[in-house]
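Take any residue in the sequence shown, count from 1 to its spot, add 13: that is its number in my numbering. Where a beta carbon is used, it is the ideal one built from N, C-alpha and C, also for glycine.
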Amino acid sequence: MEGDKSVKRKRFSTEQILSMQKQAELGPPVADLIRQVGISKQTFYRWKRQYGGWSRTKSAS
């Protein structure tokens with residue numbers, strides 16, 4: 014069964030990604046959030062860097 018992938022990749026919309034980042038800002042630890050969503054820590058922080066994360070909202074305050 015060559016070429017058969019055992020891990021199915023999920024696609025998240027920009028809105029979903031930004032929502033996850035907002036949850037991380039306001040709520041549970043990142044480790045709990047990424048486990049619940051089913052993504053890696055590396056993916057979460059890549060999205061944070063790519064989409065600006067919550068640094069914009071914190072700097073605006």
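Closest by C-alpha distance to Gly51, when choosing among Thr27, Glu28 and Met33: Met33
In the structure shown, what three-state DSSP assignment does Phe57 receive? helix
Using beta carbons (cut-off 8 Å, strictly below), is Lys35 in contact with chain B? Of the protein chains in the structure, only one exists, and it is not chain B.
Output the boundary residues of the alpha helix (DSSP H) element that contains Ile30. Thr27 to Leu39
Span of the alpha helix (DSSP H), counted from its first residue to its last, around Arg24: No alpha helix (DSSP H) contains Arg24, which DSSP labels as neither H nor E.
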